[in-house]
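Read in order, the letters of the sequence shown correspond to residues 24 to 360 in our numbering.
Below is one structure, written out as structure tokens, with a few remarks after it.
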Amino acid sequence: MGILYQRTRSGHWLAFASTAVISGCAGVVLGLSIGRQQAPVAPVPATQLAAADASTSSDATQPGRSLQGAAPAATAVPDGTLAASSGAAPTSESGWRALQAMNPDELIRRVQRDGRFAAAMLAQMMQNGSDPELREFLAVTLAQARPALLERSAESLLRSPDLKARREAFELLSSLPDPPKAVAAAARQAVLTEGSPEVVAQALAALRDAGGLDPLHADEAVLQQLRQYVGSTDPQLRRESVTTLVLADRSSSVEPILRQAVSDTDPSVQIAAIGATVDAGIRSAEAKAQLLELSFNPQADPQVRAEAMSALQSFRLTTDEAARLAPLQQQQLAATR
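So this is what it looks like as structure tokens:
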């Protein structure tokens with residue numbers, strides 16, 4: 024899904040990092056705490072990641088013994104189909120897609136008892152170029168069956184020196200059954216310490232999508248950083264900061280920041296700020312004057328003008344202001360037909 028810049032809401036699915044990234048980062052540091060600092064680690068084959076997770080699987084047994092009723096470890100199936108009786112992992116995208124026809128409860132149980140199968144599913148989910156709907160299906164399945172595996176992988180990605188890997192970590196965290204706590208902790212870390220504007224922007228978007236804004240209401244350090252990000256040179260970070268700040272900051276200090284963003288040079292930031300102004304319940308004379316100026320400015324971006332005129336419908340206008348605005352609103356209505 025693409026990012027939708029409509030008002031203050033955004034919905035999207037990010038591209039996932041390659042298998043090499045997750046095998047290189049997650050395979051070594053699965054059990055480490057997210058807050059612990061460490062030097063970058065060397066890449067580790069994906070098979071080692073599978074073995075590490077399988078060793079903690081509920082069907083692990085001593086050599087020469089088997090657990091009654093447990094499925095055998097997953098193995099590759101050459102034709103890419105699912106061997107239901109053996110618990111083998113598909114080797115192609117079509118084979119993984121065939122899992123969607125399986126009983127959901129049965130699939131979750133299989134992933135829970137077979138660490139190698141779960142690791143293979145994670146590797147497929149992380150593959151570049153795979154079908155977005157399939158990635159979503161695999162993410163939801165893993166989130167229900169093996170949330171700890173997703174969380175460990177995301178924590179490893181957050182520590183990666185690779186920019187793309189850190190960005191993808193928030194998509195994994197958003198897939199967890201109880202994402203607000205996990206996403207909020209990771210997003211706070213990113214807001215305060217991350218050097219990449221792109222990663223911070225992705226963190227803020229994931230935070231809103233996961234509904235994890237409540238912990239930020241009383242977090243003055245994060246709010247202060249968001250206020251500074253509104254003046255960033257990166258338009259994506261300015262947009263995400265404005266949208267997040269108005270939802271997290273309930274003080275009156277947010278209005279001048281929003282007015283600054285409404286005058287931004289990037290239309291997407293202006294549109295986000297206009298929507299945020301309405302959602303925050305700001306109806307001051309200064310805000311109204313700024314929106315009127317944008318509405319009557321022929322040099323302004325057409326979408327920004329349309330958003331400004333739409334926002335003014337929630338303001339109390341004088342008779343003269345309404346009369347001047349009416350022809351523009353009629354033109355806008357005719358243009359949308």
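The beta carbon of each residue, even a glycine, is placed where N, CA and C say it ideally should be.
Under the three-state reduction of DSSP output, residue 112 falls in the strand class. Annotation for residue 131: 164, 167, 168 place their beta carbon closer than 7 Å to its own, counting only its chain and skipping 5 residues before and after. The Cβ atoms of residue 223 and residue 213 sit closer than 7 Å to each other. For residue 304, the secondary structure class from DSSP, reduced to helix, strand or coil, is coil. Put simply, the backbone Cα of residue 264 is about 28 Å away from that of residue 321. Taking one beta carbon from each stretch, the region 179-193 and the region 136-148 have fewer than 3 pairs nearer than 8 Å; the two do not touch. Rounded to whole angstroms, the gap between the alpha carbons of residue 251 and residue 207 is 19 Å. In the structure shown, the three-state DSSP call for residue 263 is helix. Collapsing the DSSP output to three states places residue 242 in coil. According to the DSSP assignment, residue 195 belongs to the alpha helix (DSSP H) that extends over 186-197.
Rounded to the nearest whole angstrom, the C-alpha separation of residue 215 and residue 350 is 47 Å. Across the structure, residue 129 and residue 122 are spaced so that their CA atoms are roughly 10 Å apart.
With 16 or more other CB atoms across the displayed protein chains lying within 10 angstroms of its CB, residue 311 is buried. Sequence-distant Cβ neighbours of residue 253 in its own chain, meaning closer than 8 Å and more than five residues away, are 261, 264, 265, 268, 280, 283, 284.
Taking the C-beta atoms as reference points, residue 330 is found no nearer than 7 Å to residue 305. Sequence-distant partners of residue 301 (beyond 5 residues in either direction) whose C-beta falls short of 6 Å from its own C-beta, in its chain, are 334, 337. When DSSP states are grouped into helix, strand and coil, residue 272 belongs to the coil group. When the beta-carbon positions are compared, residue 244 and residue 193 stay at least 7 Å from each other.
A residue is called buried once 16 or more other Cβ atoms fall within 10 Å of its Cβ, and residue 275, having fewer, is exposed.
When C-alpha distances from residue 293 are compared across 272, 318, 308, 271, the shortest belongs to 318. Between the alpha carbons of residue 259 and residue 289 lies a distance of about 9 Å. The beta carbon of residue 324 sits closer than 8 Å to the beta carbons of 290, 293 from its chain, once the five residues preceding and following it are set aside; these are given in chain order. At the C-beta level, residue 195 and residue 205 stay beyond 7 Å of one another. Counting along the chain, the unbroken alpha helix (DSSP H) around residue 179 starts and ends at 170-181.
Here residue 199 is buried: its Cβ has 16 or more other Cβ atoms, across all protein chains shown, within 10 Å. Counting only residues of its own chain and dropping the five nearest sequence neighbours on each side, residue 359 has no CB closer than 8 Å to any other CB. In the displayed model, residue 158 falls within a helix according to three-state DSSP. Going by C-alpha positions, residue 228 is about 13 Å away from residue 295. Residue 135 and residue 171 have their alpha carbons spaced roughly 11 Å apart.
Taking the CA atoms as reference points, residue 332 sits about 10 Å from residue 297.
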